Every structure is written in C-alpha cells, then in structure tokens.
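Novice: Would you mind keeping the following structure in view while I ask a few things?
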Amino acid sequence: MAKNAFGSPVKRREDPRLITGQAMYTDDFTLPGMAHMAVVRSPYAHARIKAVRTKKAATMEGVLGVFTGRDMKEAGFGSIPCAWVVPGSDTKTPPYPPIAIDVVRYVGNAVAIVVATDRYVARDAADAVEVDYEPLPSVTDGEKATAKGQPQLHADVPNNVCFHWKVSGGDVDAAFRSADVVVRERIINQRLIPNAMEPRAALARYMSGAGELTLWVTSQNPHIARFLLSLDTGIPENKIRVIAPEVGGGFGSKIPHYPEDAMVVFASKKLGCPVKWTETRSENYRGTIHGRDHIQDVEMAAKKDGTIVGLRAKVWANLGAYLSTASTGIPTILHGLMLSGAYDIKNIHEDVFGVFTNTTPTDAYRGAGRPEATFMVERLVDLVAKKLNMDPADVRKKNFIPPFTDGFTVATGLTYDSGNYIAAFEKNLQMLDYGGVRRKQAELRRKGQYLGVGFSTYSEICGLGPSQVAGAVGFGGGLWESAIVRFHPSGKVNVFVGISPHGQGEETTFAQIVSSELGVPVEDVEIFHGDTGQTPMGWGSYGSRSTPVGSGALMGAIVKIREKGKVVAAHLLEAAPHDIDYADGKFFVRGAPSRSKTIQDIALMANVAWNYPKGLEPGLEASAFFDPSNFVYPFGAHTAVVRVDAETGEVKLERYVAVDDCGRVINPMIVEGQIHGGIVQGIGQALWEGAQYDESGQLLTGSMMDYALPKADGFPDFELGMTETPTKVNPLGVKGIGETGTIASTPAVYNAVMDALAPLGVQKIDMPLTPERVWRAIREARR
Ligand code: MCN
C-alpha cells in the first residue's frame, strides 16, 4: 500500500466525518456566555445616513448592545484593508469602514450591529433599528460608472475609476495593420454569486486579561486572516489565534477578510463575552463577495491561413463598492497576463479599468481572472475560424505553443513552466470522434435539428508563488508554504501544514505523499491544518496552490526526516551514514539489504533515544519551507456537444469531453472530482447563472429562487481523459487542478451553442444562455 499510495484513488479520508454529520463547522461551536450578532443592512444602493436610531432595539429584552460604525471607529477599529495594490496602476484605496459611517454604497452594506443573548432576538432587534436615509443616485454598470455625470462613490476617486492597468507585449498596432482579418466582439462576462454550501460565520472570543483573541471563522486562509485582522483591530498578530474548523466550500469567497470578522471581534471586546455571527443565505447573496463582472471590448487579428497575429482588449472590471482583499489582482495579474492562453500570440495589448459601482464588492471566484481571459481568447479563436471559414479545431492546432518542458515566455511576460497543448487536444478529438460528431451534425441539420460542437483549450496560471513575484505585483503577502512532519514513538505520523483545504481533499492526498515517500500506511498519517495556533505559517488555499506549493514544503520535511533516519539507522546497524540507503520505508546497508531498520524502528529509537548517536538531537520531526521558482500552468482541452431546440431555446448538453493535464496526479479520483465540480461551475455561468441588479441597484437575483444554480439533471456523464506533463517547479512535478474545469467549460459550452445556431444566423447572445435568451436570439435572427 505505502509504496503505491501516490497515484492511487485512495478514498477521501475526510468523508466519513462529513457524511455522518460529525464535522464541526464554525456555527457548531457554542461557548459559555456566548452572544449572537445580527447585522442591520442598507436597503439602498447609495444613500446618505442621516440618523441611526438604536434606542428601541437597545431596550428590547435580551439585547446586550447596538453599535454603529462610529462606535467601532472610536474603539480604534480601522478600515478593512485591501491586500493587493497592483503597481503602476495608480490604484485608489478609499476607506472601507466595516460598518458604514456616513454613506452606504450598496444594498447589503452594514449600517449597525445588534448583539443579543439569542440569535432570534438579535435578528428581531436588528429589524427594530431605525435608519434615516437620504437616497442618492446609484450606478451598477462598470462602464457606465466611468462616464461623466454619473454618481460618484468615493470622494477621491474621479469617475469611479479605481485603477487603469495595462499590459503590452510585441507591437499590437503593427500586427493589426498586417492582418488579413480582424474580428471584434463585446463580451459581457457576467457577475456571478458564489454559493458555498456553508454560509460564512465568525465567532470571536476576546480575553481581556491576557489580551488574546481567538476567532473561529469560515476562512480559506487563516494565517492571512490573522495578519489582516491585526491591522484593522489593532490586536497584535501574536495575540490572535484564527481557527478555520471544517469549512463547507469557499470557491474563493472565503479568501477575503470581511467586515463581519472585525465586527464580532469588536463586539466581543466591547461586551466581554464571545460573540457569534452566522450569515443567512440572503445575506450571503448581498454581503459575501461576487465574482467576474467584466465588460470586454476585444479584437483579434489573423492571417488568411489562420495564424493569430494580435489581440487587443479594453476591459471594465466592476469592483463593486469597496476593495475586497484581493480584488484588484484578479482583473489584472490573473486575467491580463493570461491573454495568450495556450497559443503563441506575439502581440497583445490590454487596458483594464477597475471601477467602483453601487454593487456588492467583487473578488476571487473559482478561476478568478482566468475564466475571463480564457473565455475572451477562446471566443475570438472561434470568430476567426468563422470569418476564415476554417474548422475551429484547425485554427487552434495552427496556433498552439509547440510542446515544451523547460519554460516558454509569452507576450505578456509570463514564462509557462511546461506544456503539450497539441497532445491534450488530439486526445480530446480522438475521445470525441470529432469526424463522427461533425457528420452527425450535418445529418441533423438536414432534418432541421441543431447540434453544436464547442472547443476550449486553455493554459492557466496557478500554484500561486513565488513570493518575490507576489511582492513585485503588489500582493501584500508571501506565497510560500510550510510543513512539519512529526513521528510518534509508535511510528504514527502527524503532519502540520500552512495550507487550509476546505473541501479539496489534501488530508488524503498529503497523507498519500507521506505514505509513498516515507513508507508508512496512509492510515498512519494525520494531516492538521486550519489553526494558526497549531500549524506553521502558510498563505492558504486558493489559486490551486495547496498542492503545487504545499507539497513542496511537505517534501522538504520528508527529505530531512529521511536524512536524519539514515544517521539513526547507521548507528543501529553499525555502519557509516553514507553507506545507508533508503527505500520503501526501510533503511539498509548498501549491498546488504537484509541489514535494515524500518522507519517505525527509527521513529521509536529517535523518540526514546536509548541507543542513539552521540550529539544528535532526539525526536523524529522536521519542518520545511518552500517558495517555488515559478507558478505552474496546467492545461487541457474541453469539448462540449449541445443540442438546441430552436422552438423553445432550450440547450441540452449531450456530451462533455475533457482532457486535462495537471502534471503528476496524486489521487486520480480526487482529481476527477475536482474536474467534475469545476466543469459544473463553469457551465453554470454559460447556461444559467447571473447576478442581476435593477436600475436602482437592487439585487434582483437575491435568493436561490431567482439565481439559477446548476442541477445534476442538467448534465451528461463527463468523459474525462488525462495527459501528464510534469513541472520542474516543485519536487513532485505536480500542477494544480482545483480551477481548471471552471476555466475551460464556460467557453466550450458557449462556443457549442453558437456553433449549433450558426445555420440560423445567430451571431451573439449574452450569457447566461437561458432558453428565453436563446429563443429571442433565434427569433431576432429569423426576422
Ligand atoms: N491533486 C492531485 N494531483 C494533482 C493536483 C491536485 O491529486 N496533480 C489534488 C490535491 O491534492 C487536492 C485537490 O486535487 O486534493 C485540489 O488541489 P489543488 O489543485 O492544489 O487546489 P487547492 O487545494 O489549492 O484548492 C483550491 C482550488 C480553488 S482555487 C477553488 S476556488 C476551489 C477548488 O480548489 N474551491 C473548492 N476546489 C474546491 N473544491 C471544493 N470541494 N470546495 C471548494 O471550495
């Protein structure tokens, strides 16, 4: 078992506690004397706060306190910090008070908090807080907000433009002049609402005697949460313990440090008791970050033979009302630098305007910037193919970066680590039986039925690190990871890691690594994460970095354990350390394999130290830090086959074929699960999901009744294949897989629907491709 753990579909060790209801989420914790917080939120998208009348609420039975933004400010609580300010973009960072003080800027903006002995009393009392608002005009559209005469959100941000960031490579103007064809499109990459199963929650316990704070919180990165919390609460970082217990999914929405986290800390400090807040689903829709929301004007230039020579884009990225933790990095570094996709596009230019609007702040949502880039590129490639009357598969093949194993630098300046795009694409076409599908399409078309095939080939930046680059691009933290491996006398192992998985399965895959590399059974390894009081520093789980970066740290500790094990074994076997070899959990004398000690023997002796090398520290424990030399760039090719009912506009997904490459695979079952979930989320954007605001800034899609999430009956069985192109960026050759499905699937399905509708003359439909929109587009085209 131990020998082959890496690469095996070991069942997820997380699941028994999850499916038997024994897992402990933040809301499951109850502390003695604990009070509950409810938040009073603005019903207006933009309004001046004239008065907050708290008396009625404050005198209700069970209410312990009602507080406003001013109370927090007077107690020394500062602005919610933005942790990513991209250099060279003149980014404005207006104040983000946790509770609005003079002006509310989006529906859901906090205006006051109520703390009571009971959750329901707190909620009732919140409804009794009376706020006088003077409504102000509002704007929700990212492009419109930059026009003259539009409502202004922040005093020092003219035309609501938070930043203007550019990326340029080659000579794009010359490329467009030299082109035979140019295609243009306005793409609305619509706003999405993350829907983790567990809503956000936070429980703070401030102990004034010791000046110590413990915060249980739904976080993907408790160490970052601790760091940011120390900035806005003023409590020293070493006096804060942040615990992310079981976290029921995040998809990026649990990266940010949120106002409510600061509010519970304030309330606990003020009232001298633990204070808990748990979001309702409708609060989740307004108060938790949203994703995407780009308006993109894009154009691609190509030669007659299909060679792409240039890409030019102008993007308005809607940031919402305030800057959330990582918001500015998403439409810039994680989007703009990825415009070459899997292709060798030598000339690229993009202008990105980050814009404040009267909407919920946006931040990372699965894929974060890369779906917005991939959709743009993959849509344009199809438009080029259409214009040149070429097969979209051929245009892709013509432009792929040729296979490489030692780095390839694209026009935006990034150096991809390794890739073999043509291999993944060919495999996909083969699994699909592309010729057969096209023949079926032609046959159906003759009968007046509309089948479509859509491709999406991608390369994406993930495995976020190295730290030097993080610093250079304005990220306010490092991007390394750390791990501690500790052997007990019995040979059982505890591993402590800085990453903080919240559904991805590293408790299993990291145990598989330890098992394979140190020769202990998977069941003998426990992985600990998510508690800053227990685990070494790490920068968290997002950007599909836990495995590429976290496994590097784990391997560092494993190597140290093996080295120390050799010294102990040499002593016990009466040999010189350099004569000891290690394989499959055994230390043996070179050339005499029967003279050996198991790792368990070594763990026992290192812990009891009875018969032990002189001067060697007892114990078998090692810690390591790992800062990668580059990002990793997984890639793949996805194809969707859809059938569109021209009478009803309904899109039926007939087949979905995905070939992905994440380097060496630790656990194929978990990787498939990640791809499945990712594909579903991306197709959600193509077909069903989309946040809608009305003219006055009200969120019309404020609940699951109005916001259509994907359901299992909307999908066929996914046909998955893999190729394996290892990376040299980390010791195990692994790349991330957590976001690839989402990045790839939206354009695949969109392109498929457009391909199906081509004979009807439909040119464009804004996502999501709901039956109504498709039906209207068909009707319009038939006129
Ligand atoms: N894995 C593997 N072999 C590889 C790569 C990964 O076996 N070559 C395994 C990993 O060890 C891990 C899983 O696949 O068990 C995903 O790993 P990785 O790609 O490193 O991604 P992260 O763990 O860093 O997770 C972040 C990523 C992101 S950015 C989002 S968003 C997302 C996602 O993962 N959110 C998720 N997947 C999610 N899955 C669940 N259930 N819930 C979320 O909120």
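When the sequence shown is numbered by the working numbering, its final residue is 914 and no position is left out of the sequence of numbers.
A virtual CB, placed ideally from N, CA and C, is assigned to each residue, including glycine.
Computed from a predicted model, the values in this text were never measured in an experiment.
1. Considering just the uninterrupted stretch of the alpha helix (DSSP H) at Leu402, what are its terminal residues?
2. Is Ile476 close to the ligand MCN? I mean its beta-carbon at under 7 Å from any heavy atom of the ligand.
3. Quick check: Arg417 and Arg250, are their CB atoms within less than 8 Å of each other?
4. Would you tell me roughly how many angstroms separate the C-alpha atoms of Ile686 and Val628, rounded to the nearest one?
5. Measuring alpha carbon to alpha carbon, tell me which of Asp710, Cys293 and Gly716 ends up nearest Gly622.
6. Beta-carbon separation of Pro376 and Met668 under 8 Å?
7. Alpha carbon to alpha carbon, how far is Gly567 from Leu560?
8. For Cys404, is the beta carbon positioned less than 7 Å from some heavy atom of the ligand MCN?
9. For Glu803, collect the residues of the same chain with a Cβ closer than 7 Å to its Cβ; drop the 5 residues on either side in sequence, then sort them by chain order.
10. Within its chain, find whatever has a CB closer than 6 Å to the CB of Gln894; leave out the 5 residues flanking it on each side and keep chain order.
11. Is Arg144 helix, strand or coil by DSSP?
12. Have a look at Tyr743 and Val698 and give me their C-alpha separation to the nearest angstrom.
13. Do Gln427 and Leu452 have their beta-carbon atoms positioned less than 8 Å apart in this structure?
14. Under a three-way DSSP split, which group does Phe160 fall into?
15. Which complete alpha helix (DSSP H) runs does the stretch 832-896 hold, if anything under 4 residues is left out?
16. When the distance is taken between beta carbons, is Thr871 closer than 8 Å to Glu591?
17. Does the Cβ-Cβ distance between Gly380 and Ala327 come in under 8 Å?
18. Please state whether DSSP places Phe659 in a helix, a strand or coil.
19. Tell me, please, which residues DSSP counts as bridged to Pro266.
20. Sorry if obvious, but does the Cβ on Ala870 come closer than 7 Å to a heavy atom of the ligand MCN?
21. Do three or more CB pairs link the stretch 508-515 to the stretch 311-322 at distances below 8 Å?
22. So who's on the other strand from Glu261, going by DSSP bridges?
23. By the 10 Å Cβ neighbour count, where 16 or more other Cβ atoms means buried, how is Met836 classified, buried or exposed?
24. From what residue to what residue does the beta strand (DSSP E) around Met431 run?
25. What residues are listed by DSSP as bridge partners for Thr916?
26. How big is the Cα-Cα spacing for Lys400 and Glu265?
27. For the stretch 385-400 and the stretch 332-350, state whether three or more C-beta atom pairs, one from each stretch, are separated by less than 8 Å.
28. Would you report the Cα separation of Ser646 and Arg143, rounded to the nearest angstrom?
29. What is the DSSP secondary structure of Tyr227, counted as helix, strand or coil?
30. Take Leu610 and list the residues in its own chain whose beta-carbon comes closer than 6 Å to its own, dropping the five residues that flank it on each side.
31. Work out the CA separation of Ala887 and Ala912 for me, nearest whole Å.
32. Is Ser587 near Ser876, with beta carbons less than 8 Å apart?
33. My understanding is that Gln805 touches Ile868, with C-beta atoms under 8 Å, so please give their C-beta distance in whole angstroms.
34. Rounded to whole angstroms, what is the Cα-Cα separation between Met132 and Pro523?
35. Identify every residue that forms a DSSP beta bridge with Thr320.
36. Does the beta-carbon of Trp447 have 16 or more other beta-carbons within 10 angstroms, so that it is buried, or is it exposed?
Specialist: Concretely, from the data shown:
1. Per DSSP, Leu402 belongs to the alpha helix (DSSP H) from Pro390 to Leu402.
2. For Ile476, the distance from the CB to the nearest heavy atom of the ligand MCN is not below 7 Å.
3. Not closer than 8 Å, so no.
4. Looking at the sequence provided, one finds Met at residue 686 rather than Ile. In this structure, the alpha-carbon of Met686 lies about 12 Å from that of Val628.
5. Of Asp710, Cys293 and Gly716, the residue nearest in Cα terms is Gly716.
6. By the CB criterion at 8 Å, Pro376 and Met668 fall outside the cutoff.
7. About 10 Å.
8. No, Cβ of Cys404 sits at least 7 Å from all heavy atoms of the ligand MCN.
9. Excluding residues within five positions, the ones whose Cβ falls inside 7 Å are Leu851.
10. Correct list: empty, nothing qualifies.
11. Here Arg144 carries a coil assignment [DSSP, helix/strand/coil].
12. Going from the Cα of Tyr743 to the Cα of Val698 covers about 9 Å.
13. The displayed chain sequence assigns Ala, not Leu, to residue 452. For Ala452 and Gln427, no; Cβs fall outside 8 Å.
14. Here Phe160 carries a coil assignment [DSSP, helix/strand/coil].
15. Within the stretch 832-896, the complete alpha helix (DSSP H) runs of at least 4 residues fall at 871-888.
16. When the beta-carbon positions are compared, Glu591 and Thr871 come within less than 8 Å of each other.
17. Yes.
18. Correct three-state label for Phe659: strand.
19. Beta-bridge pairing links Pro266 to Ala178.
20. The amino acid at residue 870 is misidentified as Ala; the sequence shows Glu. Yes, the beta carbon of Glu870 sits closer than 7 Å to at least one heavy atom of the ligand MCN.
21. Yes, since at least three Cβ pairs between the stretch 508-515 and the stretch 311-322 fall closer than 8 Å, the two stretches touch.
22. Per DSSP, Arg184.
23. Exposed.
24. That run of the beta strand (DSSP E) goes Gly422 to Ala433.
25. This structure cannot settle anything about residue 916, because the visible part of the chain is limited to 132 through 914.
26. Those two C-alpha atoms are separated by around 32 Å.
27. Three or more pairs of CB atoms, one per stretch, sit closer than 8 Å, so the stretch 385-400 contacts the stretch 332-350.
28. So the alpha carbons of these two residues sit roughly 15 Å apart.
29. Tyr227 falls in the coil class under three-state DSSP.
30. Around Leu610: Leu595, Gly596, Ser598, Ala601 and Trp670.
31. The straight-line gap from Cα to Cα measures roughly 14 Å.
32. Yes, these two residues count as a Cβ contact at 8 Å.
33. Gln805 to Ile868, Cβ: 5 Å. Contact.
34. Its pLDDT being 42, under 50, Met132 is placed unreliably in this model, and the value from its coordinates should be taken loosely. The alpha-carbon atoms of Met132 and Pro523 are separated by roughly 45 Å.
35. Inspection of the sequence shows that residue 320 is occupied by Asn rather than by Thr. BP columns for Asn320 point to His425.
36. Trp447 should be labelled buried.
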